[in-house]
Each structure stands twice: as C-alpha cells, then as structure tokens.
Amino acid sequence: MKINLSINGKSYSQDVEPRLLLIHFLREVAGLTGTHMGCETSLCGACTVELNGKAIKSCTMFAVQANGAEIVTVEGLANNGKLDPVQEAFWNEHGLQCGFCTPGMIMASKQILDRNPSPTEEEVRHGLEGNVCRCTGYQHIVNAVKAAAAGAGK
Amino acid sequence: MATTTTKTETFVGKRIRRREDPRLITGTATYVEDIQMPGMHYAVILRSPHAAARIRSIDTKKAVSAPGVVCVFTGKDTKGVGAVPCGVAMPDLRVPQHTILATERVYFVGHPVAVVVARDRYLARDAADLIEVDYEVLPAVADPEKALAKGAPAVHPQWPDNVAFTYHQDGGNIDKAFAEADVVVKQRIVSQRLVPMAMETRGVVAEWRGADRQLNLYTSTQIPHLVRTIVAAMLGLEENRMRVIAPEVGGGFGSKLNVYAEEALMGYVSMKIQKPVKWIESRRENFTCTIHGRGHVDYYEVAAKRDGTILGIKLKLIQDVGAYHQLLTPLIPQLSVLMMPGLYNTQNIRGDIIGVFTNCVPTDAYRGAGRPEATHGIERMVDILAAELKMDPAEIRLKNFVTKDKFPYPTATGLMYDSGDYATPLKKALDLVGYVKLRQEQADLRKQGKYMGIGISTYGEICAIGPSPATPAGGWESATVKIEPSGKVTILTGACPHGQGEETTFAQIAADELGVGLDDILVIRGDTAVVQYGIGTFGSRATAVGGTALYYALQDLKAKIKKFGEMLLESDDVSLMIGQVIDNKSGKAKTFQEIAGAAYRALKLPPNTEPGLLATRFWEPPNFTFPFGAHIVVTDIDDETGQIKIRRYVAVDDCGNILNPLIVDGQVHGGVAQGLGQALWEQAVYDDNGQLVTGELTDYAVPRAQMMPWIESHHTCTPSPINPLGVKGVGEAGTIGCSPAVVNSVVDALSPLGVRHLDMPLTPEKIWKVVAKKN
Amino acid sequence: MKISGSYNLPVAPERAYQILQDPAILAQAMPGCESLEQIGPDEYRMKMKVLLAALSGQFEGKVRIADQAPPTSFRLIVEGSGRIGFLKGDGLLKLSPPDAGAAGLTVVSYEGDAQVGGTMAAVGQRLIDGTAKMMIRKFFDKLASLAG
Amino acid sequence: MIAQKFEYTAPKSLDEALHLLASGAKPLAGGMSLIPMMKLRLAAPEHLVDLRTIKDLNYIREAGGQLHIGATASHYEIESSALLRQKCPLLTETAAAIGDVQVRNMGTIGGSVAHADPAADYPAALQALEAKFVLNGAKSERTVSAADFFVDAFTTTLEPGEILREVIVPIDDARTGTSYQKMVQPASGFAIVGVAVRVRQNARKVSFARIGVTGLSNHAYRATAAEKALEGKTPSANDIQNAAALVAQGVDANSDLHASADYRKHLAAVHAARAIKSAISRIT
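Residue numbers (our numbering), protein chains in the order written: chain A, 6 to 159; chain X, 18 to 792; chain P, 1003 to 1150; chain B, 2 to 285.
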C-alpha cells in the first residue's frame, strides 16, 4: 500500500506492507535510527515519537495508520545544530546513562511540557509513566524536565 | 602559539556534563540494531516452549522453502561449534555440555532449537512458524529446593540429585562461637530471581569476510575482548582473525557480562552464508533467554552475646543455577559468602553453598552479583538480632562495626578491607533523616494504630573487581594514551564502559594530569581491533581499575613528554603544566603540539627515547576496594490495601574520592531503583512446569518514574589506598544498600504485629495478609 | 493452576455421565472444538480453534477419559498445542444428585490442574484464570442445552 | 515482534467500513490491545479496517440532554474535554487513569469498550453511568445498555460485523458527585480493581447511587446491593463501610499472580468505600 507522510518536515512516499510497523518505517525506510524498540507490549516507551503533535508509541502502530501524518522524531528536534531545550536539559542534568530510552524519554518530556509548561515533580513523573529507564532511577530525568520548563519560562 | 587549549582550571571532582551525551540525545548513536550493511541477512531463533523435553524430530522443510529464506540450521548443523563455556574452575563443578542449539533435549523455556535466516526479518519470522518440532515433554523442576528433594525430576539425567556444585568456607572457630553465644537467631531469607532488563536487548551482527578470513562481530556486550577470545575458540577461528565491536551498549547490569550462544551462532551463520547477518533479541527472548540474577534461598544463623556483640555467622546458601552454567554462574554465590560478615567485626563464619540445576534460564551476574544477596542477609539478620535483644538497630550496628583504627582489616572470609569509617555515614544518615524525632513520631503513630517504619542498612561491598587471582580471565585493566602529532590526546580503554560515563571521567583524569582541556581528549572503547586487550566494565571496576591503568599510562607519557621538553628547551629542569612543558629557569615553554611534532618527526631524539608519544599500561590491582555506606528508608503503610509508601530515602555512600559528582549521583539513583525494584516489585516467577509466567513487561513490574521516591543522596569520603585515584567504585552501591533498608523499614513498621521477617518483593497483598491477620 | 467448581446439569446422573463421554455431544459443547475423532478406547484426537477477543489460535491435541466409575466419577485429560502455546488440563469430575435429592438433576463438581505454556503463559497471566473459568462455564452451558 | 500478514483498508465512510466488516474483516481503532497481540502472534486477523480514518466517528458533543461520544474519541480527548469535565467528570477522571500518556493519545473509547478487557477502566465508569452504546452493522443499528453489553471476559453482545459506533452518557445535575478509584497493577497499568461511584444527594440523603466495578471478575458490573444499601441514607462512615463491603459479595473473583481472589474482593470493598466518600465530598 502506498503511503505518504512527513517526518521531521521531510515528505516520504513509499509502498509498504500493511504489517510494517511505524518504527520500522522510521528506522529502515527513513533511516532514522534514533527511535528505539525496547519491548513488544507497548510498555517501555523507547519508541515514542510525535504524531500530529501527540506522543505515541511507534512500535504499536502500523506505518499505514500514519498515512498523511506529520511525525517528529528525536532527530527532528535540534535546529541547525542548536539543541532543543529538552535535549539541552537532559544533557545538563545528566538525565541519561546508557541512552537507549533517551529519545523516547525526550519525546515524552516534550509532550509533558507542551501540555503543561510548568509541571510539578508529581506531574512530571505521571507524564513519564509510559517510559521505562533502567539506568537513572528517573531523578535526573525529573530534574531535566523541570529545568527545561524553568528555562522556557525565562 | 599553541593551538592546543590551555587552561588553568581542573576537572576532577567537578559536576561536568557528559561528553558522550550529544550523540545520545540527538538519536545519532549507533547501537547494534542500527548497523546496516549491504547484503544483510536476518536471523530469527526458534525456541523451546517447554522447560524439559526430548526432541523427537525437527522438520525444517517448509521453512527452508518459505519466501525469502536462505537457510535453516538446527543443532545437528552446529555440532562442530564449541560449547558455551563456564569461566569458573572449581573442584567437582558439574558442567553440562552447553551447545549453541539444542540437540537431543531442551532444558528450559526459551532454549534455542533452530535458526532461520532470510533476506528480510519479517520473512524470517514467518518461516520460524513453519518449523515443526516434535517434542516429548518431560517432567520439569523450576524451584531449587524442590529440585533437591528426593524423587525430583533430573534436569540433566546424568546428575539425578540436581547438584551443580558445592562450596564450603570456614573462618575462625564457628562451633566455639555458637557454643558461647547467649542468643542465636535463625532465618530463611529468599533473594528472588530477577530479570536484568537492560533497555537495549541483546543483539549481534556478524560479518564474515571470507577472503580475509576475518569475522567482525558487533555485539551488545560489556566484555568485547573476552567475547573475542571465547567465541573465536568456539568457532575454531584464530583469535586475531576475529574483531569484536561493542558499539553503543544500551545497558547491561551484568546481563551482558557474558558470552552467549547467539554470539557464536551468528558467527557460524555468517561464515556459512558468507554474508552479514543480524539477530536482535526480542523482549520476550530477553526475559526467557538472557541470564537472570539472584535466585537464592539462604538459611542464616547468627550467634551473639546478650549485649549485642556478634560472635559468628552461619549461612547455608542454595543457589538456583538454572539449566546451565553461563560464564560466571558458580562464582556469584561465592561472592555472597565472601561478603557474609558485612561491616561487622566477627572472625567466625561458616558458609556452605549448594548450586542447584533447575529447568530455568541460568542465573549469573546482575548488578551487585552476590553482594546484594549477602548484604540483604546480614542486614536483615542484624535487625532480627536487634529485635530479639530489644536493641535499637542503629545502636547494634555501631556496636559491631569494624572501627576505623583497624584498617586494613582482615575478614574471616579472607578479604582485606582496604579502608573504612563505617560509623560516620551511619551517623550522618541518622542526622539527615532526623532519627530521634522519627522514633518519637513512630511511637505516637503506633498509639493511633498506624504503621510507620524506619529501616537502616549499613552495607559494604567488594568492588574494583579485582585482583587477577580472584577473577576468572584476569582482574587487571588496560589503558593506552597517545598524544597525536597535532597535540590532541586519544585514550583507549580496555574497560569498555557503556553508560557509566567514563568517556567523561577518563577525560577529566587525563585533562588534569596533562593540563589540557576536555575537548582536546577523545576516549575510545569497545573495539578489539583498535583497543589493546582489556577485561571490561562490571563489578564497579571501570574507574577504580581502568582509570588507574589510565593514570599510570599518563605518568609514563608525562615522563616522555618531559624528556622531549628538556631536549627542545635544552634544560634539565622542566615542569609540565597547562598543556606545555616549561623551563623552570628561563620560563620558556613548548606546547604539546610542538613536542608532539618533534616526537613524531623524530629529527632528533632524547637519549634512550623512541619516537612517538604513546604509553600503554596493564594495571593489576593489589586488592579489591571496599566501598560502604548507610541507607535509611522511612515507610508508611496503608493498612487497608497493604501498599507501602516511601516517605524518605536517605543514602550516604562512601565510594572514596569522587571524580564527577553528577555521574556518581546518577549511579546511586539508578542503583537504588534496581534495589527498590527487588524489594517491592520485581520477581521472575516460574510455575511448577517451568513456564516463566512473568515473561514480559506485562507481568514483570520494573520501577517507573511515578513509583520512585526522591532519593536524598549524600556522601562521606574515605579514599582507597589501593589506587592512586583513591576511588572505590559506585556502580552497585545503590542496589546493594537499598533492599535491606526497605525491608527493614517495613518489618519495623509491622513489628507491633509480631512480624520478624518478610521476603521480597513486598507486594501489597503480602503486607495486607499480615495486617489482615491481626484485624 | 488449580481449577475447581461445580455445575448443575438438568438430567439424572446416569444421563449426565453418558453425555459427558459422548464424543458427538462433547464436540459440540467444547468451546471452539472443530473436530473430535476417536483414536482408541476412551481417547480422541481433537482440533480446536480458540477465539477470545482478538486472540485466535488453532490447537491440536487429545482428549482422554480414565478412571471410569459410572455414574459417579471419571478423569478427563485434555492436551492441546498450537503456535501460540499449549495447554493441558487434568481433572476429576464427580457426579452426584443434588443434596435436596431432586430428581432429574446432577451436580457435576470438578477439581484439577491446568497448565498453560508458550506465549500465552508469558503474556497472558492476568487473563488465564478468568478465561479458564469462562471456557468451563461455556462448556457446561452448552452441555446443559444439549442434554435436555 | 512481527505480525502476520494482513490486508488493510482505510475506509472513507462508516458504510464502507461496515460493508467490509460484514464480509469478515476486523475493526482496528487505536490498536492499543490488538497490535501488541498481533506482534506476539496471539492474534492474526486477515483483514483490518481502520476506523480512525472515518472522520465522523470522532466527536464529543451534547445533544438531547445527553453526551454523545464517537467511537474513535481518544482517551486523551476525553480526559481533556472541557465539556466532559463539566458535565461528566467521572469519564474524564477514568480516562486519565488509563495506561500512560502515549496509550491515552492513541487508544479510543470504542476500541477499549468493545475489547471488553475484564480489567479495563472505562467499563466501571460506564456501568456506573448507565451508559448506552449504539451498535451498527451493515444493515442494522441498535442501542444496548452497558448492563447488557458486557457478557464475559472479552465477550460482549456485539455481533460479528457490528461495531460500537457511539457511547451515550447522561448529564448529571450539581447534586451528583462521582469518583473513580483504582488499584493499579504495577507492571501493566491495568486495574487490579477499579470502582466508579456516582451518587446524588437530596437534602443530604443519598437519593441515587450507582457503582461500577472492574477488574474483579470476568466483566465489569454494577454492584446493585451496595447501591441499595446507600440509597435513602445520610451515610455515616459506618454505612459507607457496610455498603462498600457489598460490592464484591457473591462475585466469583479472578485470581492471578498480582492478586488472589480474596485480596481482590477486599480491595474492591476498600476502593468502593474510598470512591463513595470521595464522590460524596465532591457534591457541590
């Protein structure tokens, strides 16, 4: 089936098998390997991308379902070499260790801030419910999201 | 003038953000799955759904002729490949033949049976469904104590008692200690099986270049050099014809401190098909086929005087081995025995281990590896003893600590504790948490029928693993430092860190030693063709052992730089500072760039000096290091639901000198999360038939952001005398210190109900049952 | 997993015992049963299609009846396997007239073990208990409707 | 990790979808339950019809004194709907308790309800709300109450080829208070038990109580005995406790790794009491 979609502002038009997962489209068709697959039960969130402005798990969606959609992946955040404030905050606050969950964490964090520009610690934690990190214990991630929020408020 | 950055600031000890992060936060890092090659093939592994079965036949015909399939291999094909080895030598160790694909029998759910190779991974997956395996299902046993019972099914028919190994260690005079005791407390303590659950599952890309007789193996591992040595031997390939690359590694926690069947299997496949092949473990495979951690049933006895003085400790440890030994399986419980005395001054111990085969995936190193189990045991026992003697748990610890005048301190288990001051972190933690006030509050709450608990754990650990005599395959580490002709610095570390931040901390060490900027330095790891042989990152060793190798390599290099400086400045009194060599008399200076230029151009050389600026050191540590600390956890219990709320988590860790507090805090937080996971939520549960019923994230609960408390992380600093950096290691501290503090807190909360011990995980239902019994 | 329960069939114990071993009736009553074919004394080959929400799976297996003591009890052993896993049930069925002694009624009580393996076992833990109960309930409901 | 092959259609209209469903295709909404099962090959539909591409299935609106929610309204759209927050806060509260952010962004009310997972959150609230479901087939349309809709685990009164097109819930007056209380299974986020309560008071007396329970047994149900025990009372703490104790009475409770049947029943009573108290406290 032929699908058209936009990823990080770039248009793709491709014939795909209906069973091709969106994450495999992103990684293997578009060559954007920043989005990771961490489970098959839609519980780890490593594959989180933004689809029409909403954070979704790209391993729990077929590419055909994204026909016509606008997608942003972690690769689409930095602009001309300038990091997105959430990326910058993850770096400053040591919000990552092995880095595997990080793209999904950053995308989920962006969704939190899109909907609530100054979240409390509890709201940040609640907003990260769909993302597992096995390295950081989340504390530095919470700090990063709060720092990004504070930075944006300046 | 110099183009090399010069500076006056130092880096060690500062909160410096990590140099590895830009690629990780932009999604441009390369993990195994991200590797693409022309002609790449994909492998899917068919695995046993049964815990024990005889394979009557395997019919691969339909799969072989399925669309896109290139070939299918079974155990018959791979008979020529060597067995997956156990790296531990012990007398009477029973080592089953661990073939890379099952041959006659399968021994656990997930046991690899066949591999399908196709041009497309979707097609490979489809074809796997077409393989028909006729199994004769056999009785299985999944519980180590049941496996020891008479009449239990034999995991391996040749060993009907299911005993994989035994180990005995005595220290001091344990019988005398128990004979003289006023009080003896006993408890069975379980440290349940856990799934390491690194976020990146395992994965392998194998690329055989036939014309070069060269196998390139990209694998998500903590130990690329050991993988190379072992997999080359398994495949019958010369070791220098194999290159192992650990690209970005998405977490290991011990689960990638191993050599797995799939690593050799992909090598085999690529050599057969003469094309690159990729295998990425699914999460379901990760749960069933990658090693698990813990799996202890411990029977403790502690003898003490009425005043609380601990006289001796006995431990009978039943280790659930699983169906095979993986690389270090039998070693892990030995670490528990070594750690039996904890921080306490007793010279009498007896430890007995029985390793037991079960029809489960093997256990091996998982964050802490033997030491969390031991700490959990002794810290629970000390609380049980305190309760028995009606003593305060802080007081009984302070009474029994090895005091700081006694270091280096020889333990009853044959260790030599390097340095320690155990009372200081405990006192600091007690102050921070407001212990006296909390005990008052607890008394008030108890009058109102409310359950609040305060749990203390004072832990010690064996880190910087370790001296080679104590470590299979060697316990040293290597480092190379080069100053390139342009003056830039390249570090090659054999330690292969993967998320722990050594690309930053090693640069900090080198920057301070050489007086250059961080941006002048690049740290390279994880490629056996580039980096000299090394051991790897595990056992909280990367900085303490690998960093020390780097430190000594830097000293060698500095000496050589000085020689060139002396020659160029025509002086015999020079010093090295801020990226230059300065003549102390004239004040004239030569930059590293100028020195490197001279060293590589080699028009003139200092006496007895070779061209180039490179130094390599293999550093053998004279001892382990022994970090320690105190964790205090305050819990409130909802007596209606049994839910536990962590009100405070105070951690005071002493890991010696701290090179980068930001990174150390991150290690503590992550460690605590895994300790809390074990204490409260995580358990790998096999049913009676050997089915892993927590076989996915749907039923295996890992800590999530909203489940974690705020961790108040503090430190004391007792430098290690073992290495010049004074560091001890911090990767496992949080995990080791955490679980007993949590359980002690909950048991303390429920102690008015007569509760003395609860096994992990402390699920709400378990707590509710205790509370409901009283109501 | 232990399974136990009881069900009232609107027929006398002798009739209940008979229909519980009648392959034609069992084939209709077992949820998803597509065929039941005798392969030996008290042994049948079974094909089953389990449809549960989106879950669908073909199972092939055997049904065996043992320890017969008409009309009061027998053992029923069901084994099946398919791509999504395997299941095995082994239980004792006891038939008795109700306590009140009403005629034309039988209380069938069952007690046994069920094992589930494969992908179903690994990801379906929270569903297995309820599903097993539902399948048993459906079986007896259908049996009751066929018994009359 | 990889689904079996299937055919996929993105229909333009409901009629086109229903026509395909009548010939054996299966509906796909948010896919939050279906797609993981397909990846594990526990499910292998041959033909999927994507309902999300039908524009006129996604709405939340007020009409005829009731609230109408289209099948493909996402949990997030429900959670964040100002209209629902004002006129049916029980539904927004329940939607916010489902899964996680990403699941709520993608998952739909129609998909969740039709899937009838015995531990799903919505069914408790929909039972308490006495919701009605509009079911459409290629040639049929009927309205079924929540009480009749949920039959068993994953089993509803939906006929093959039928879809749940719309959920209808009532608008409550200001004297009504509602609450959803849930004990979360920490691995999956599903409810171990969830209790939704809707109470109306008249001069401090409970004139009306509706209690929906999920997670406890094979399907969500209304705890009518508990409702009756509240009605007509100005409930004391004791009355609430006693009423709550009735929610699990006579129920054949599920048991699994995460909670035994006894514990589940106990939790149902605890959460019922909490939900009743919270609902009463919210009456303005």
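Ideal placement from N, C-alpha and C gives every residue a C-beta, glycine not left out.
* Looking only at DSSP bridge pairs, what is proline 28 (chain B) linked to? -> Answer is B:Val50, bridged to proline 28 (chain B).
* Would you mind stating whether alanine 159 (chain X) and asparagine 376 (chain X) have Cβ atoms separated by less than 8 Å? => Yes, these two residues count as a Cβ contact at 8 Å.
* **chain B contact for serine 1207 (chain P) (CB, 8 Å cutoff)** => Since the first and last residues shown for chain P are 1003 and 1150, residue 1207 (chain P) lies out of range.
* Within-8 Å CB hit, methionine 724 (chain X) to chain B -> At a cut-off of 8 Å between C-beta atoms, methionine 724 (chain X) counts as an interface residue with respect to chain B.
* **For valine 158 (chain X), three-class secondary structure by DSSP** => Of the three classes helix, strand and coil, the one that applies to valine 158 (chain X) here is coil, per DSSP.
* To do: For the segment 379–389 of chain X and the segment 342–355 of chain X, state whether three or more C-beta atom pairs, one from each stretch, are separated by less than 8 Å.
  => Under the three-pair Cβ rule at 8 Å, the segment 379–389 of chain X counts as touching the segment 342–355 of chain X.
* To do: At 7 Å on the CB atoms, spell out the chain B contacts of alanine 715 (chain X), in chain order.
  => What sits at residue 715 (chain X) in the sequence shown is threonine, not alanine. Within chain B, the residues near threonine 715 (chain X) are Ala188, Ser189.
* Residues of the segment 1067–1085 of chain P with a CB closer than 7 Å to any CB of chain X: list them in chain order, please. => Listed by position, the residues of the segment 1067–1085 of chain P near chain X (Cβ gap below 7 Å) are Arg1085.
* **Alpha-carbon spacing of threonine 20 (chain X) relative to proline 502 (chain X), whole angstroms** => Confidence at threonine 20 (chain X) is low in this model, with a pLDDT of 41, below 50, so the placement of that residue should be treated as unreliable; the coordinate-derived value is given next. The alpha-carbon atoms of threonine 20 (chain X) and proline 502 (chain X) are separated by roughly 12 Å.
* For my contact list, valine 198 (chain B) and alanine 276 (chain B) are in at a C-beta cut-off of 8 Å; report their separation, rounded to the angstrom. => Yes, valine 198 (chain B) and alanine 276 (chain B) are in contact; Cβ-Cβ is about 4 Å, under 8 Å.
* Asked: Whose Cβ in chain B lies nearer than 7 Å to the Cβ of threonine 658 (chain X)?
  -> Listed along chain B are Met184, Leu268, Val271, each with a C-beta nearer than 7 Å to that of threonine 658 (chain X).
* Asked: Of all Cβ atoms in chain X, is any one closer than 8 Å to the Cβ of glycine 104 (chain A)?
  -> At least one CB atom of chain X sits nearer than 8 Å to the CB of glycine 104 (chain A).
* Identify which residue in P:Ile1005, P:Asn1010, P:Glu1039, P:Met1137 has its Cα closest to the Cα of tyrosine 1099 (chain P). => Correcting the residue identity first, residue 1099 (chain P) is proline in this sequence and not tyrosine. For proline 1099 (chain P), the closest alpha carbon among the candidates P:Ile1005, P:Asn1010, P:Glu1039, P:Met1137 is that of P:Asn1010.
* To do: May I have the straight-line CA-CA distance separating threonine 22 (chain X) from methionine 57 (chain X), to the nearest angstrom?
  => At threonine 22 (chain X) the pLDDT is 45, less than 50, meaning the model places this residue with poor confidence; the figure from the coordinates comes in the next sentence. Using only the alpha carbons, I get a separation of about 43 Å.
* Quick one: which chain A residues come within Cβ less than 8 Å of arginine 53 (chain B)? -> Within 8 Å Cβ-Cβ: Gln70.
* Asked: Looking only at its own chain, which residues have a Cβ that is under 6 Å from the Cβ of alanine 72 (chain B), when we skip the five neighbours before and after it?
  -> The residues Leu58, Gly111, Leu165, Arg166, in chain order, have a CB closer than 6 Å to that of alanine 72 (chain B) in the same chain once the five nearest residues on each side in sequence are set aside.
* **Min CB distance valine 1125 (chain P) to chain X below 8 Å** => Closer than 8 Å to some Cβ of chain X, the Cβ of valine 1125 (chain P) qualifies, so yes.
* Excluding sequence positions up to five away, which residues of its chain have a Cβ less than 6 Å from the Cβ of alanine 286 (chain B)? -> In the structure as shown, chain B begins at 2 and stops at 285. Residue 286 (chain B) is therefore absent and cannot be evaluated.
* Would you please state the rounded distance, in angstroms, between the beta carbons of glycine 511 (chain X) and glycine 563 (chain X)? I believe it to be under 8 Å. => Between glycine 563 (chain X) and glycine 511 (chain X) the Cβ distance is about 7 Å, and since that is below 8 Å, they are a contact.
* May I have a chain-ordered list of the alpha helix (DSSP H) segments no shorter than 4 residues that lie completely inside the segment 666–752 of chain X? => For the segment 666–752 of chain X, whole alpha helix (DSSP H) runs of length 4 or above, ordered along the chain, are 678–693.
* Kindly indicate the opening and closing residues of the alpha helix (DSSP H) around proline 781 (chain X). => Its alpha helix (DSSP H) spans residues 781–791.
* Asked: Is glutamate 93 (chain A) helix, strand or coil by DSSP?
  -> In the displayed model, glutamate 93 (chain A) falls within a helix according to three-state DSSP.
* Taking 8 Å as the cut-off, decide whether the C-beta atoms of leucine 406 (chain X) and arginine 323 (chain X) are in contact. => Their beta carbons are under 8 Å apart, which means leucine 406 (chain X) touches arginine 323 (chain X) by this criterion.
* Report yes if the CB atom of glutamine 525 (chain X) is closer than 8 Å to the CB atom of threonine 554 (chain X), and no otherwise. => No, the pair does not count as a contact, with Cβ atoms beyond the cut-off.
* From the DSSP output, in three-state form, read off glutamine 103 (chain B) for me. => Looking at glutamine 103 (chain B) - three-state DSSP - the assignment turns out to be helix.
* **serine 1058 (chain P), enclosing beta strand (DSSP E) - first and last residue** => In the DSSP assignment, serine 1058 (chain P) falls within the beta strand (DSSP E) that extends over 1057–1071.
* Asked: Whose C-alpha, out of X:Ala223, X:Leu252, X:Gly310, X:Gly312, is nearest the C-alpha of serine 287 (chain X)?
  -> Checking every option, the nearest Cα to that of serine 287 (chain X) belongs to X:Ala223.
* When you compare each of B:Ser24, B:Asp16, B:Asn203 to proline 161 (chain B) by their alpha carbons, which one comes out closest? -> Checking every option, the nearest Cα to that of proline 161 (chain B) belongs to B:Ser24.
* Asked: Mind pulling the chain X residues with CB within less than 7 Å of isoleucine 36 (chain B)?
  -> One finds nothing in chain X with a Cβ atom closer than 7 Å to the Cβ of isoleucine 36 (chain B); even the nearest lies about 14 Å away.
* Straight-line Cα distance separating arginine 301 (chain X) from threonine 307 (chain X) -> The straight-line gap from Cα to Cα measures roughly 10 Å.
* For the 8 Å Cβ check, are there 3 or more pairs between the segment 45–54 of chain A and the segment 103–116 of chain A? -> Counting Cβ pairs under 8 Å, three or more are found: they touch.
* 6 Å Cβ shell around asparagine 303 (chain X) - same chain, five flanking residues per side excluded -> Here the set comprises Thr218.
* **Per-residue burial, threonine 711 (chain X) [other beta carbons within 10 Å of its own, 16 or more giving buried]** => Threonine 711 (chain X) is buried by the Cβ-count criterion.
* State the Cα-Cα distance for the pair alanine 157 (chain X) and glutamate 142 (chain B), rounded to the nearest angstrom. => Taking the straight line joining both Cα atoms gives about 53 Å.
* To do: Return the chain-ordered list of same chain residues with a C-beta closer than 8 Å to the C-beta of asparagine 13 (chain A), the five sequence neighbours on each side being excluded.
  => Hits under 8 Å: Leu37, Ile76, Val77, Thr78, Glu80, Gly81.
* Asked: CA-CA distance, glycine 771 (chain X) and leucine 697 (chain X)?
  -> Using only the alpha carbons, I get a separation of about 21 Å.
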